[in-house]
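Enquirer: Structure provided below as structure tokens; questions to follow.
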Amino acid sequence: MVSLEYNPVIKQSLSTDWFQRVGLRFDPYVHLEASSDPYLSEYTVNLDIFRTAWEAEPAVIFAPPGGGKTATRVAVTRTCWFDIGGAYPFPLPYNLGIAPLTGAPLTSAHHLRLMLESGTCALLTGLAFRPERLLRASAADIRAIASLLRTGLPGSLDYYLAVLRETGTPAGLTPLLERTYALTAPPPPEVLHHFCDVVAASGTDALHEQSEDLFRVFVDLVTGALGFSHVLILIDGIDAVYESQTGAHPALQWVSYLLDRTEQWSALNVFVKLFAPDTAEPSITGYLQQHAISARPAHIVWTADLLIELLRKRIFAASGGRFESLDAISTPALTDVERQIVDAIAPLPRAALQVTRKVLLQYAARIEIEEGQLDEDDIRQAIAWYQRHATPRRQGSASRA
Numbered sequence: 001m002v003s004l005e006y007n008p009v010i011k012q013s014l015s016t017d018w019f020q021r022v023g024l025r026f027d028p029y030v031h032l033e034a035s036s037d038p039y040l041s042e043y044t045v046n047l048d049i050f051r052t053a054w055e056a057e058p059a060v061i062f063a064p065p066g067g068g069k070t071a072t073r074v075a076v077t078r079t080c081w082f083d084i085g086g087a088y089p090f091p092l093p094y095n096l097g098i099a100p101l102t103g104a105p106l107t108s109a110h111h112l113r114l115m116l117e118s119g120t121c122a123l124l125t126g127l128a129f130r131p132e133r134l135l136r137a138s139a140a141d142i143r144a145i146a147s148l149l150r151t152g153l154p155g156s157l158d159y160y161l162a163v164l165r166e167t168g169t170p171a172g173l174t175p176l177l178e179r180t181y182a183l184t185a186p187p188p189p190e191v192l193h194h195f196c197d198v199v200a201a202s203g204t205d206a207l208h209e210q211s212e213d214l215f216r217v218f219v220d221l222v223t224g225a226l227g228f229s230h231v232l233i234l235i236d237g238i239d240a241v242y243e244s245q246t247g248a249h250p251a252l253q254w255v256s257y258l259l260d261r262t263e264q265w266s267a268l269n270v271f272v273k274l275f276a277p278d279t280a281e282p283s284i285t286g287y288l289q290q291h292a293i294s295a296r297p298a299h300i301v302w303t304a305d306l307l308i309e310l311l312r313k314r315i316f317a318a319s320g321g322r323f324e325s326l327d328a329i330s331t332p333a334l335t336d337v338e339r340q341i342v343d344a345i346a347p348l349p350r351a352a353l354q355v356t357r358k359v360l361l362q363y364a365a366r367i368e369i370e371e372g373q374l375d376e377d378d379i380r381q382a383i384a385w386y387q388r389h390a391t392p393r394r395q396g397s398a399s400r401a
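Its first residue numbered 1, the sequence shown is counted upward by one per residue in our numbering.
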């Protein structure tokens, strides 16, 4: 089958005042990259794939570009840090898109070093949002965690603690370390200051073990001293690796080391979750079978009803619960706005978000000239814009459950 994909960039923006005029607190469709969306937790759609990404077993999760891989990863990440009780896994986001441009796949040492850096960035940010997890640990464990942070972070731990003290919020740390850890309900400034004091007073020593041993120390501290049930290595960003854009085989080369370690890491209570483009599915599943690797293949599948729910949850959140659909700001003759949009596009969340935002831009441009509500012509022009930018793509695994 052939579907449509596209990725035009909408550079137009609307002011906060404009959204307030139509009854919205913010632009609910502007964040195409889930990791940058501060409101994501308010309108996450309950996909079946969430359980696969959460469970204590290796998995490879396929979707086309714009199909929700990063959104699923971010939703899992933020749910893991929901509170300090219960059997939650620790989410270690490993974005291959930030790997050095060497022109060749990473070596095992590079992978381990980058994973330790990603893990410590995530750990410090998460603990700053949930300091109770650290403060309830023993003094010896806190010293060990501080040493690990000093070893793995890309910069000085003291510098990051100074940022926390100066800003009084963990949100000051997320742009520097790990954007996907923009969690809700941050601690009061006085609790955050106490957290910084405890960490700073826990010694200045770094660890000097080999990369493999440092990774084991990380896992032991996270699942032992901090009480997480297991570790999820959430691998994303293959789409962004330049070499992988030339075909599926280079993409496989970038992740083969990680796939080879799934059995070994599972024994340590560490589970690989690889989010991969659907074009890489034949080579990756073939590799799993050839090497007898027990990683479960799965697919992010979007139906029309799920996409409609996605769009309506966003308008509900942005309106503070006052609107359940764009129908609320439309002419009486216009109903089921979200369904009209979804029926005209490829079944991908990124396409749904961009076309819906284009509808609002068309509406905003028109009411600058004449008064009125969102109408059929705004939708028609947004869909025509989408169709001009769309290109055919071969629909593969994304269509399968």
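Note that the Cβ used here is the ideal one computed from N, Cα and C, for glycine as well. Computed from a prediction, not measured in an experiment: that's the story for all the values here.
Assign residue 156 to one of three DSSP states: helix, strand, or coil.
Expert: The answer is coil: DSSP assigns residue 156 none of H, G, I, E or B.
Enquirer: Please report the straight-line C-alpha distance between residue 265 and residue 271, rounded to a whole angstrom.
Expert: Each residue's Cα considered, the two are about 6 Å apart.
Enquirer: For residue 2, count neighbouring C-beta atoms within 10 Å of its own C-beta (all shown protein chains included) and say buried if the count is 16 or more, exposed if not.
Expert: Residue confidence for residue 2 is low, a pLDDT of 36 falling below 50, so the modelled location carries little weight and cannot support an answer.
Enquirer: Write down every uninterrupted run of the alpha helix (DSSP H) in the stretch 247-290 whose length is 4 residues or greater and which is fully enclosed by it, in chain order.
Expert: Those alpha helix (DSSP H) runs which fall completely within the stretch 247-290 and span 4+ residues are 248-260, 262-267, 281-290.
Enquirer: Start and end of the alpha helix (DSSP H) containing residue 31?
Expert: It is not in any alpha helix (DSSP H) - residue 31 carries neither H nor E in the DSSP assignment.
Enquirer: Decide if residue 318 is buried, meaning its Cβ has at least 16 other Cβ atoms within 10 Å, or exposed.
Expert: The residue in question, residue 318, is buried, as its Cβ has 16 or more Cβ neighbours within 10 Å.
Enquirer: Nearest-angstrom Cα distance between residue 88 and residue 131?
Expert: Going from the Cα of residue 88 to the Cα of residue 131 covers about 16 Å.
Enquirer: Exposed or buried, residue 204, counting other C-beta atoms within 10 Å across all chains shown (16 or more means buried)?
Expert: Residue 204 should be labelled exposed.
Enquirer: Nearest by alpha-carbon distance to residue 360: which of 219, 381, 180, 224 is it?
Expert: Selected option, being the one with the closest Cα: 381.
Enquirer: Spatial neighbours of residue 178 within its chain, please: CB distance less than 6 Å, with the 5 preceding and 5 following residues excluded, ordered by chain position.
Expert: Excluding sequence neighbours, residue 178 sits near 121, 122, 125.
Enquirer: With respect to 6 Å, is the separation between the Cβ of residue 172 and the closest non-hydrogen atom of the ligand MG below this value?
Expert: Ligands are entirely absent from the displayed structure, and the ligand MG is therefore not among its contents.
Enquirer: Quickly, what does DSSP pair residue 405 with across the bridge? List them, please.
Expert: Residue 405 lies beyond the stretch modelled for the chain, which goes from 1 to 401, so this question has no answer here.
Enquirer: By a C-beta neighbour count over all protein chains shown, 10 Å radius and 16 as the cutoff for buried, is residue 299 buried or exposed?
Expert: Label assigned to residue 299: buried.
Enquirer: Please return the same chain residues whose Cβ sits closer than 8 Å to the Cβ of residue 230, not counting the five positions on each side in sequence.
Expert: Result list for residue 230: 56, 89, 90, 223, 269, 270, 271, in chain order.
Enquirer: Check each candidate in 171, 141, 62 and name the one with the smallest Cα separation from residue 188.
Expert: Cα-wise, what sits closest to residue 188 is 171.
Enquirer: Looking at C-beta atoms only, is the number of pairs between the stretch 285-304 and the stretch 19-29 that lie closer than 8 Å three or more?
Expert: These segments do not touch.
Enquirer: Let me know if residue 67 comes out buried or exposed under the rule of 16 or more other beta-carbons within 10 Å of its beta-carbon.
Expert: By the 10 Å Cβ count, residue 67 comes out buried.
Enquirer: If we ignore side chains and look at the alpha-carbon of each, how far apart do residue 76 and residue 95 end up?
Expert: Cα to Cα, residue 76 sits roughly 15 Å from residue 95.
Enquirer: What is the DSSP secondary structure of residue 382, counted as helix, strand or coil?
Expert: It is helical.
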